[in-house]
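Participant: Take 1 as the starting number for the sequence shown in UniProt numbering and just add one per residue. Ideal Cβ placement from N, Cα and C applies to all residues, glycine included. The structure that follows is given in the form of structure tokens.
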Amino acid sequence: YEGVWKKYGLTVAVKTLKEDTMEVEEFLKEAAVMKEIKHPNLVQLLGVCTREPPFYIITEFMTYGNLLDYLRECNRQEVNAVVLLYMATQISSAMEYLEKKNFIHRDLAARNCLVGENHLVKVADFGLSRLMTGDTYTAHAGAKFPIKWTAPESLAYNKFSIKSDVWAFGVLLWEIATYGMSPYPGIDLSQVYELLEKDYRMERPEGCPEKVYEL
């Protein structure tokens, strides 16, 4: 939701705990993660309301919403290749910071990045983020993940690491290069893992520089 912090006259974004869809513990974990991280390209936590239900997480408001919708609806002459690369480097900077802090995001995708003025991009949605105490994090049995953005080893063994986020960033680059197309077009979700095991990779998007595709 969009709200106003009356004391400061500040427009803010408000995330609420939806009944039956998100456990209180997981909701509070997201707030705890956001409290620990501060970077120009990460959505900033402003406050948490947990005295009584419903619970709220208050964050800064990003004018143009999520990156996926923005890419699909933007003027491509204005949002050209240079702007797309600028957006990608901002996300890369945020993820580099998370790596240094030993955080893994686990849900990096265009839908979970937000766009502000002057093509400012910030990574958001830390609901699946975790602090790693070792080199990997093992998710609990039955955990659900976005298949098309999840690294093969994570799909197979529920194990996540910095490399898992690097994989997701590669898929996100493809989303950016295609102005928000869905990854693995024409491929059923049930086939994605099997194809990846056979070293399948998506083709270079039209207009995407070869060096960017190689990333």
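Residue 150: which of 87, 70, 67 and 107 sits nearest, CA to CA?
Facilitator: Here the closest residue by C-alpha is 107.
Participant: So residue 292 and residue 119 are in contact, right, with Cβ under 8 Å, and what is the actual spacing, rounded?
Facilitator: Only positions 1 to 215 of the chain appear in the structure, and residue 292 is not among them; the question remains open.
Participant: Between 148, 100 and 179, which lies nearest to residue 217 when the distance is taken from Cα to Cα?
Facilitator: A question about residue 217 goes unanswered here, because the residues of the chain that appear run from 1 up to 215.
Participant: Roughly how far, in whole angstroms, is the beta-carbon of residue 60 from the beta-carbon of residue 12, given that I think they are within contact range, below 8 Å?
Facilitator: The pair is a contact, with the Cβ atoms about 7 Å apart (cut-off 8 Å).
Participant: Below 8 Å on the Cβ atoms is my guess for residue 114 versus residue 43; work out the distance and round it to an integer in Å.
Facilitator: Correct: roughly 6 Å between the Cβ atoms.
Participant: Kindly give me the distance between the Cβ atoms of residue 110 and residue 189, rounded to whole angstroms, as I take these residues to be in contact under 8 Å.
Facilitator: No, residue 110 and residue 189 are not in contact; Cβ-Cβ is about 18 Å, not under 8 Å.
Participant: Would you mind working out which of 38, 48, 8 and 36 sits nearest residue 15, comparing C-alpha positions?
Facilitator: For the residues 38, 48, 8 and 36, the minimum Cα distance to residue 15 belongs to 48.
Participant: What's the gap between the Cα of residue 211 and the Cα of residue 3?
Facilitator: Going from the Cα of residue 211 to the Cα of residue 3 covers about 42 Å.
Participant: Can you confirm whether the region 144–160 touches the region 183–197 when touching is taken to mean that 3 or more C-beta pairs between the two stretches lie within less than 8 Å?
Facilitator: The answer is yes - the region 144–160 touches the region 183–197, with three or more Cβ pairs under 8 Å.
Participant: Given this structure, state the Cα-to-Cα distance separating residue 164 from residue 203, to the nearest angstrom.
Facilitator: The straight-line gap from Cα to Cα measures roughly 20 Å.
Participant: Roughly how many angstroms lie between the CA atoms of residue 208 and residue 148, to the nearest whole one?
Facilitator: The straight-line gap from Cα to Cα measures roughly 20 Å.
Participant: Taking a contact to mean a Cβ-Cβ separation below 8 Å, would you say residue 176 touches residue 45 in this structure?
Facilitator: Not a contact, by the Cβ cut-off of 8 Å.
Participant: On the DSSP bridge list, what partners appear for residue 47?
Facilitator: The partner list for residue 47 (beta bridge, DSSP) reads 58.
Participant: Does the beta-carbon of residue 183 have 16 or more other beta-carbons within 10 angstroms, so that it is buried, or is it exposed?
Facilitator: Buried: at least 16 other Cβ atoms inside 10 Å.
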